[in-house]
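Residue numbers (my numbering), protein chains in the order written: chain A, 287 to 582; chain B, 2 to 293; chain C, 11 to 412. C-beta atoms are modelled at their ideal positions from N, C-alpha and C, and glycine is treated no differently. This one's a predicted model, so the numbers in the text were calculated from it and none came from an experiment. Worksheet: one structure, shown below.
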Amino acid sequence: MATVTGAAPQPGLRQLIGRAVPYLLLAPGIAWLILFYAIPSLQMFLYSVSTGSLEEGFVLSFTPDAYVKGITQFRTQFGNSLLYGGTATVLTIIIGFPVAYTIAFRGGRYRNLILFMVIAPFFTSFLIRTISWKILLGDEGPLLGPLKHTIGILPGTFTLTGTPVAVVAGLTYNFLPFMILPLYVALEKIDVRLIEAAQDLYATRWGAFRRVTLPLALPGVFAGSILVAIPAMGDFVNAELLGSPQTRMIGNVIQNRFLIQNDYPVAAALSFILMFGILAAVTIYARFLGTERLTG
Amino acid sequence: MASAATSTSRGRPEGSLGDRIGRRVGHLALPVFTSLAIFYLLIPIIVMIVFSFNKPSGKFNYTWNEFSIDGWLHPLDWPGLPESLLASLGVALLATVIATALGTLIGLALTRYAFRGRGLLNGVIFLPMATPELVLGASLLTLFVATALPPLRGNVPTLYPTGFSTILIAHVMFNISYVVVTVKARLAGFDRRLEEAAMDLGANEWVTFWKVTFPLILPGVVAAALLAFALSIDDFIITSFVSGTQNTFPIWVYSIIRNALPVQINVIGSIIFLVAVGYVSLTTIRSAHAQR
Amino acid sequence: MIERAMGIGGTALTRRTFLRGSALAGTGAFIAACTGGSTPAPASDAAPTPKTVTGPLKFANWTAYVDLAGAAYDAGVYEPGSSPTLESFKTEYGVEVDYEEKIDGNSSFVETIKPALVGGLATGWDLIILTDWMASKLVDSGWTEKIDQDNVPNCTANLRDALRNAAWDPNNDYHYPWQSGMTGIGYNATAFSDNGLTAPTKLADLWSVPPDKLTFLDEARDTFGLTLLKLGIEPDPAKVTADDLQKVADDIQPLVDGGLRFTGNSYLQDFGQKKVWAAYVWSGDLASSAGEDDFFVFPEEGTMIWTDDMLIPKGAANKYTAELMMNYVYDVAIAAQIAAYVYYVSPVKGTAEAILELDPDAASNDLLFPGDEIVAKQRNFQSLSTELEDKMNELFATLSGL
């Protein structure tokens, strides 16, 4: 009997299950994010429109004071974040694209090995890497030492650490693998015959690259830029370890206001300004690259 | 793949000598550039390995003094180091497994299904990545504290004092979005007709998923898992908020380096690095053999 | 700040106001946790702590602030990174000690435990070490456990008279000093001679060092106090005005523009790498933890003096063991062992005699036992009024770009 009547309700049930599938897939991850991201974030938002301190208690006064203060007082630091983070992102694209391209199309049997070397820095602690950078860029380190004393083209007081150059170098170094990986994932998918066909059609390698490879790689460029720009602009560790008070980024201010000055409202307001600034930038960037292509 | 590309280019008219030289240089330029970039990425690791054989003259292993294998003979010989290392590996492994599973499911839902709120979710999923790590850490801590107090106390699991489990919660949280983004990048060009073909041939959804979909997205999932593991084992900022008195390796390193830079830090870093290199080399060789 | 934290009635009101405004129960709960708990629980002296040794003792301290290895390590007696004092304590009482150099600044450390303290929860630490000004805030807020004096006979007997009767805790109910120290100039002799500079003798000399080869301290009291001295203004918390602090900021600003940085103990790294030529430093660190050509100088203008105190944070799980540790480090022989390594001023009577046996040179060392001339120029810039502290913090935040 089941075999006879089963046929009629089955599509309905199937449809029902089918409609539920995406929600079932989403449920566990989204629940985690709601509990441990959304709710704490809401708390932070309430802080940003409150006045007071941890000891006195916070009064939810819905005042925009913290935002006003954040925007007016920390222009330099926002500027630095944009400048250093942006420069680092562009540098990672310039350095990362050829590398990802080589791994995807020329890696051959060494592909996994090269890929591994790209993420190798992550298998050491971030702190060890930064210590190594401090040694390398140090005033008497392996780079500047010879330039100052053996070759003698730099004055003895020349210094890299504490300058914007060191901060950008550190950011670029630390986030480069975040650019290479998604670029590789995007490039690797490209059917090599497409490129060959294009080379036959456009004759030049550059033409084929520009009209076929590059457009197909754009989702990777987009994902990579997101993965690099966001942590880079919100970073404070590089500016802290390799910079000086002159090179403070907005992350340094947020960290300090939060942990040292106990100024939760301004810290929270700055966080939201930073977040929404980044969101706006991402949206514009996505439009610029073409949303359709990115979301598939 | 490389050989296929060369054979077709040979089939085309070659052009002038200058063109050919240019092409030859162009052919070499990429590997050379890549080698340089890889070198740039590896310099700090080279420094780390070289200095693991140093016998520092003072407490800071900053300047080369004398060759020694002392550090390698006593790699864990520093109070607190073994415990922090175990904690780091435990957190990273668990967080990777959980976050990769949860993130891949979201990635699948976002790319393969139409549902209400999909567009919104596509944007919202980026939010955790757009949030400065220190804000994530600070706001999580406030949540954990709240679970230990009325009215939440007793009604929800208590997550304070913070420790291993809260570090794990935080790491899974910040990893999910990274996994989603990476898996999505892989799924973006996914040809659904392959699945439809499998279904037409009589496979049910479950079989189709494991036989067709999963193998196709596997490289993306693996890349996502690698990323999650790397982010987790490396995380310092968020962990510093939610670790309480539990040390992870980065937290331990951070507190020790102000006063001393023990050679053991380099040794442990080198060991982790070399084990990973060995593993990847082995699998590479094995797959090369398999292909033949 | 202290007075405000004590304003219990006002707190309850703000909490209710907040709860009414807050739609989200969880958030309300958190805020309630932040404010409601700040009613200090009655001191626990009514119920005496059971005298059982429990562990592990969670002990948070500053960098380079206990006898880490040193001579004992060189002789192969202890493993690297361990402390003879802590090891012998463990053996004597059969308890584990989890000693961690977690403190890099008073504010930055206290912020990590403040949510717990405000919420009336255990911080996870049993023994912490904070500078006078911050220690007094914690004690005033009721965030420290009352010490059972019966358990610390060494402390009551051996605390130096000069350190008794602190205004904020006259009977040492809540604190015992760990070490005292001075803030002055540190410099690298090689860098100075290589670059044709003469060794600094006064604070003003630092203004002729390239600013990007210079660090000041991120403890604002130290940096502002010393610079007041440099400007010839008496750093007396009762007399200093907001204008004086402004003058300090104006004097430092050009250095910041030239690349001056502010650090905590991590100046030790910078000296290790020859990245700084000179710095404002704390007196013992260079002697205990830096290179042989790094020296501490008592500036002609004078030094800042401060004391770091042992505190047992409220709700500590191993209070009795923490008291045993306090008592242990006030044993004269142990105090001498620590002082001989850290090169700070021990709060324990009779250390000078005991140290002679360990290190005959140390007894005449001005870092450990400052001479009369140095003592005469020591200035205490710890207990600032709330207005002055807020002004200083604001100026310091601007200077450091934060």
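Inset, instruction - State the Cα-Cα distance for the pair residue 44 of chain C and residue 129 of chain C, rounded to the nearest angstrom. - result: One-based indexing of the third sequence puts residue 44 of chain C at position 34. One-based indexing of the third sequence puts residue 129 of chain C at position 119. Annotation note: pLDDT 40 at residue 44 of chain C (below 50); position unreliable, coordinate value reported separately. Cα-Cα distance, rounded: 5 Å.
Inset, instruction - Just the chain C side, please: which residues come within less than 7 Å of residue 256 of chain B by C-beta, in chain order? - result: Position 255 of the second sequence holds residue 256 of chain B. By Cβ distance, chain C contributes 110, 111 and 112.
Inset, instruction - Could you tell me whether the region 119-138 of chain B touches the region 508-525 of chain A, where touching means 3 or more Cβ pairs closer than 8 Å? - result: yes
Legend entry - Close-in-space but distant-in-sequence residues of the same chain around residue 69 of chain B (CB under 6 Å, 5 per side omitted): What you label residue 69 of chain B is simply residue 68 of the second sequence in a count that begins at 1. For residue 69 of chain B, where only same-chain residues beyond five positions count, the Cβ hits under 6 Å are 56.
Legend entry - Selected residue, minimal CA-CA separation from residue 160 of chain C, among C:328, C:345, C:61 and C:234: Residue 160 of chain C sits at position 150 when you count from the first residue of the third sequence. Nearest C-alpha to residue 160 of chain C: C:61.
Legend entry - CB contact below 8 Å: residue 282 of chain B versus chain A: The sequence position of residue 282 of chain B within the second sequence is 281, counting from 1. Answer yes: the Cβ-Cβ gap between residue 282 of chain B and chain A drops below 8 Å somewhere.
Inset, instruction - Could you work out which residue in B:270, B:156, B:111 and B:153 is closest to residue 183 of chain B when comparing CA atoms only? - result: Walking along the second sequence from the start, residue 183 of chain B turns up at place 182. Ranking B:270, B:156, B:111 and B:153 by Cα distance to residue 183 of chain B puts B:111 first.
Inset, instruction - Under 6 Å Cβ to Cβ from residue 465 of chain A, same chain only, skipping five residues before and after it: list those, please. - result: Taking the first sequence and counting its residues from 1, one reaches residue 465 of chain A at position 179. Hits under 6 Å: 378, 382, 510 and 514.
Inset, instruction - Give the range of the beta strand (DSSP E) segment to which residue 413 of chain C is assigned. - result: Because chain C spans 11 through 412 in this model, residue 413 of chain C falls outside it and cannot be assessed.
Inset, instruction - Could you tell me the boundaries of the beta strand (DSSP E) in which residue 315 of chain C lies? - result: The residue you call residue 315 of chain C lines up with position 305 of the third sequence. First-last of the beta strand (DSSP E) with residue 315 of chain C: 313-321.
Inset, instruction - For residue 403 of chain A, go through chain B and note every residue whose CB falls closer than 8 Å to its CB, in chain order. - result: As a first step, residue 403 of chain A must be located in the first sequence, where it is residue number 117. 39, 42 and 43, listed in chain order.
Inset, instruction - May I ask which residues mark the beginning and end of the alpha helix (DSSP H) holding residue 103 of chain C? - result: Residue mapping note: residue 103 of chain C aligns to position 93 of the third sequence, counting from 1. Its alpha helix (DSSP H) spans residues 94-103.
Inset, instruction - Flag this pair as yes or no: are the beta carbons of residue 149 of chain C and residue 184 of chain C separated by less than 8 Å? - result: Counting from one through the third sequence, the residue named residue 149 of chain C turns up at place 139. Counting from one through the third sequence, the residue named residue 184 of chain C turns up at place 174. It is a contact, given that the beta carbons lie within the stated cut-off.
Inset, instruction - Taking only runs that begin and end inside the region 160-238 of chain B, name each unbroken alpha helix (DSSP H) of 4 or more residues, in chain order. - result: 165-188, 193-201, 206-209 and 215-235
Legend entry - Per-residue contacts from residue 114 of chain B into chain A (C-beta, under 8 Å): Looking up residue 114 of chain B in the second sequence gives position 113. Simply 307, 308 and 311.
Inset, instruction - Using a threshold of 8 Å, state whether the C-beta atoms of residue 347 of chain A and residue 358 of chain A are closer than that. - result: As a working mapping, residue 347 of chain A is identified with position 61 in the first sequence. As a working mapping, residue 358 of chain A is identified with position 72 in the first sequence. No, these two residues do not count as a Cβ contact at 8 Å.
Legend entry - Touch test, the region 346-360 of chain C against the region 60-79 of chain C, Cβ-Cβ under 8 Å, three pairs minimum: yes
Legend entry - According to DSSP, residues forming a beta bridge with residue 140 of chain C: Position 130 of the third sequence holds residue 140 of chain C. According to DSSP, residue 140 of chain C bridges with C:319.
Inset, instruction - Have a look at residue 504 of chain A and residue 221 of chain C and give me their C-alpha separation to the nearest angstrom. - result: Looking up residue 504 of chain A in the first sequence gives position 218. Looking up residue 221 of chain C in the third sequence gives position 211. Computed Cα separation, rounded: 45 Å.
Legend entry - Limits of the unbroken beta strand (DSSP E) element including residue 108 of chain C: Walking along the third sequence from the start, residue 108 of chain C turns up at place 98. 107-113 is the span of the beta strand (DSSP E), which, as asked, contains residue 108 of chain C.
Inset, instruction - Can you give me, in chain order, the residues of the region 58-79 of chain B that have a beta carbon less than 9 Å from any beta carbon in chain C? - result: 58, 59, 60, 61, 63, 64, 75, 78 and 79
Inset, instruction - Just tell me which of A:414, A:468 and A:498 has its CA closest to the CA of residue 478 of chain A. - result: Numbered from its first residue, the first sequence carries residue 478 of chain A at position 192. Taking only the C-alpha atoms, the option nearest residue 478 of chain A is A:498.
Inset, instruction - Determine, using beta-carbon pairs with one atom in the region 329-348 of chain C and one in the region 361-369 of chain C, whether at least three such pairs fall under 8 Å. - result: yes
Legend entry - Distance between residue 227 of chain B and residue 169 of chain B (C-alpha atoms, nearest Å): Translated into positions along the second sequence, residue 169 of chain B becomes position 168. Translated into positions along the second sequence, residue 227 of chain B becomes position 226. Between residue 169 of chain B and residue 227 of chain B, the C-alpha separation is close to 17 Å.
Inset, instruction - Taking all protein chains shown into account, decide if residue 259 of chain B is buried (16 or more other Cβ within 10 angstroms of its Cβ) or exposed. - result: The residue labelled residue 259 of chain B in the question sits at position 258 within the second sequence. Result: buried.
Inset, instruction - Check whether the Cβ of residue 206 of chain C lies closer than 8 Å to any Cβ atom in chain B. - result: Your numbering for residue 206 of chain C matches position 196 in the third sequence. No, residue 206 of chain C lies away from the interface with chain B (no Cβ there is under 8 Å from its Cβ).
Inset, instruction - Just the C-alpha distance for residue 160 of chain B and residue 392 of chain A, rounded to the nearest angstrom, thanks. - result: The residue given as residue 160 of chain B occupies position 159 in the second sequence. The residue given as residue 392 of chain A occupies position 106 in the first sequence. Their backbone Cα atoms lie some 50 Å apart in a straight line.
Inset, instruction - Determine which residues of the region 257-270 of chain C have a Cβ less than 8 Å from any Cβ of chain A, and write them out in chain order. - result: 266, 267, 269 and 270
Inset, instruction - Might you give, ordered along the chain, the residues of its own chain that have their beta carbon closer than 6 Å to the beta carbon of residue 388 of chain C, omitting 5 neighbours on each side? - result: Residue numbering aside, residue 388 of chain C sits at position 378 when the third sequence is read from its first letter. Excluding residues within five positions, the ones whose Cβ falls inside 6 Å are 313 and 315.
Inset, instruction - Starting from residue 355 of chain C, follow the beta strand (DSSP E) in both directions and report where the run begins and ends. - result: Indexing the third sequence from 1 puts residue 355 of chain C at position 345. Taken as a continuous stretch (DSSP letters only), residue 355 of chain C belongs to no beta strand (DSSP E), as it is neither H nor E.
Legend entry - Limits of the alpha helix (DSSP H) - the one that residue 288 of chain C falls within: As a position in the third sequence, residue 288 of chain C is number 278, starting the count at 1. No alpha helix (DSSP H) contains residue 288 of chain C, which is instead part of the beta strand (DSSP E) from 288-292.
Inset, instruction - For residue 282 of chain C, decide whether its Cβ has a neighbour in chain B, counting only Cβ atoms nearer than 8 Å. - result: Translated into positions along the third sequence, residue 282 of chain C becomes position 272. Answer yes: the Cβ-Cβ gap between residue 282 of chain C and chain B drops below 8 Å somewhere.
Inset, instruction - Please name the residue or residues paired with residue 262 of chain B in a DSSP beta bridge. - result: By 1-based counting over the second sequence, the position of residue 262 of chain B is 261. B:61.
Inset, instruction - Spell out whether any CB of chain C is found under 8 Å from the CB atom of residue 135 of chain B. - result: Locating residue 135 of chain B in the second sequence gives position 134, where the first residue counts as 1. Closer than 8 Å: no.
Inset, instruction - Leaving out five residues on either side along the sequence, give the residues of the same chain with a beta carbon under 8 Å from the beta carbon of residue 368 of chain C. - result: Within the third sequence, residue 368 of chain C is the residue found at index 358, counting from 1. Cβ neighbours of residue 368 of chain C beyond the five flanking positions: 346, 347 and 350.
Legend entry - Paired residues, beta bridge with residue 187 of chain C - DSSP: Your numbering for residue 187 of chain C matches position 177 in the third sequence. DSSP lists C:319 as partners of residue 187 of chain C.
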